[in-house]
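In terms of the working numbering, the sequence shown has 225 at position 9, counting the first letter as 1, and numbering is strictly consecutive. Using N, Cα and C, we set each Cβ at its ideal position, and we do this for glycine too. Since we're looking at a predicted model, the values are computed, not measured. A quick write-up on the structure given underneath.
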Amino acid sequence: MKLSRLFQPRNPLFWFMLILNALSAALAWIVQNRPLGTAAMLVVGFFAIGNALMGTWLVVRLLRTEPGAQTAPSIPPNPGQIDKT
Numbered sequence: 217m218k219l220s221r222l223f224q225p226r227n228p229l230f231w232f233m234l235i236l237n238a239l240s241a242a243l244a245w246i247v248q249n250r251p252l253g254t255a256a257m258l259v260v261g262f263f264a265i266g267n268a269l270m271g272t273w274l275v276v277r278l279l280r281t282e283p284g285a286q287t288a289p290s291i292p293p294n295p296g297q298i299d300k301t
């Protein structure tokens, strides 16, 4: 895995990963620095951990893909369609 694969500004997963990591950092800051009730702390902490896990998953996925590679799976052709070429 090359770290240069992480920077893929044309890939939407790159931007989604950045947003999730920034949001999880902001949520972690809120949990640590703001007085919250137990329920609110658990909810915010749950979202922070979830965002961090999804962001990490996206980082791994970006590191395993080639830059410029197609991110969405292609739609297979309709098997009932008749090719008239």
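Item, Value
"Cβ contact check for the stretch 239–254 and the stretch 263–271: 3 or more pairs under 8 Å", "yes"
"Cβ pair Val-259, Ile-246 closer than 8 Å", "no"
"Inter-residue Cα distance where the pair is Ala-256 and Asn-249", "13 Å"
"Classification of Leu-234 by the beta-carbon crowding that lies within 10 angstroms, buried from 16 upward", "exposed"
"Cβ neighbours of Trp-231 in the same chain (closer than 6 Å, five flanking residues each side left out)", "none"
"Backbone secondary structure at Phe-177 - three-state DSSP", "With the chain covering 217 to 301 only, the question about residue 177 has no answer from this structure."
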